[in-house]
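In what follows, a single structure is set out as structure tokens and then discussed.
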Amino acid sequence: MDKRKLPKSKELREKIARRTKEAMKNNSIRKKMSESAKKRVGDKNSFYGKNHSEETKKIMSDKKKELFLDKNNHPMYGRNHSIESIEKMKIQNGEDHPSWSGGSNSYWHYKAYDLFGKKECEVCGISNKDCIEKYNKRLSMHNTLEPKDYTIMESDVWQCLCSKCHQKLEIGGI
0 MDKRKLPKSK
10 ELREKIARRT
20 KEAMKNNSIR
30 KKMSESAKKR
40 VGDKNSFYGK
50 NHSEETKKIM
60 SDKKKELFLD
70 KNNHPMYGRN
80 HSIESIEKMK
90 IQNGEDHPSW
100 SGGSNSYWHY
110 KAYDLFGKKE
120 CEVCGISNKD
130 CIEKYNKRLS
140 MHNTLEPKDY
150 TIMESDVWQC
160 LCSKCHQKLE
170 IGGI
């Protein structure tokens with residue numbers, strides 16, 4: 000890591016970090032910074048043509064992992080996407096995306112959940128809200144076909160289950 004570009008003292012770096020954090024609370028400053036950043040594209044970006052070293056990538060990864068050990072630190076914890084952002088994500092992902100090549104299993108599970116998801120587990124009856132609180136996961140979809148064909152979107156092919164019942168079903172316990 001090139002330390003020549005960092006302020007010399009740790010105290011000064013912390014002071015700059017605090018001021019930046021405070022400044023980001025001001026919407027007009029955030030807007031100015033955003034407009035300025037939009038101009039730094041391509042070869043105008045100081046990192047253009049460069050790559051992070053493996054050591055730097057590991058440091059950044061470890062910092063994020065450490066930060067998110069406490070789920071309260073995750074930027075989306077306790078928040079939901081707006082309807083508008085969900086619609087944008089639908090446009091940018093899935094079958095309409097230019098890079099679409101058939102989809103992963105998780106894509107088909109999400110699609111099935113959108114179409115056939117219920118408010119409670121079809122086996123034990125736990126609600127989606129209680130499932131999130133108890134298992135930290137929403138209800139999931141189980142494909143009943145053997146062999147699995149996730150592309151078939153028919154209600155009798157999919158079951159809405161909590162993670163505990165889903166695990167039991169997968170190992171043959173139900």
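Take the sequence shown: its position 140, counting from 1, is numbered 139 in numbering that gives the first Met the number 0, and each next residue is one higher. Where is the CB? At the ideal position from N, CA and C, for every residue including glycine.
Is it right to say residue i is buried, meaning 16 or more other beta carbons lie within 10 angstroms of its own, or is it exposed?
i       : result
Ala-111 : buried
Ser-84  : exposed
His-165 : buried
Met-0   : Summary for Met-0: the model assigns pLDDT 46, below 50, so the residue's position carries little reliability; its value from the coordinates is reported in the next sentence. Its Cβ having fewer than 16 others within 10 Å, Met-0 is exposed.
Ser-27  : exposed
Lys-57  : exposed
Glu-23  : Checking the displayed sequence, the identity of residue 23 turns out to be Met instead of Glu. It counts as exposed.
Leu-138 : buried
Met-59  : exposed
Met-88  : exposed
Ile-125 : buried
Glu-13  : exposed
For the candidate residues the options, whose alpha-carbon lies nearest to that of residue i?
i       : options                               : result
Glu-153 : Gly-124, Gly-116, Lys-128 and Glu-121 : Gly-116
Lys-167 : Cys-123, Asp-129 and Lys-43           : Cys-123
Lys-133 : Ser-162, Asp-61 and Lys-118           : Ser-162
Cys-159 : Glu-10, Asp-113 and Pro-146           : Asp-113
Leu-144 : Glu-169, Asp-129, Ile-125 and Arg-39  : Glu-169
Would you grab the beta carbon distance between residue i and residue j for me? Rounded to a whole angstrom, and I think it's under 8 Å.
i       : j       : result
Tyr-149 : Asn-104 : 6 Å
Val-156 : Asn-142 : 6 Å
Glu-121 : Asn-127 : That belief does not hold up - the Cβ atoms of Glu-121 and Asn-127 are roughly 12 Å apart, past 8 Å.
Met-140 : His-108 : 5 Å
Give, in chain order, every unbroken run of the alpha helix (DSSP H) that is at least 4 residues long and sits entirely within the segment 34–118. 53–66, 82–91 and 104–115
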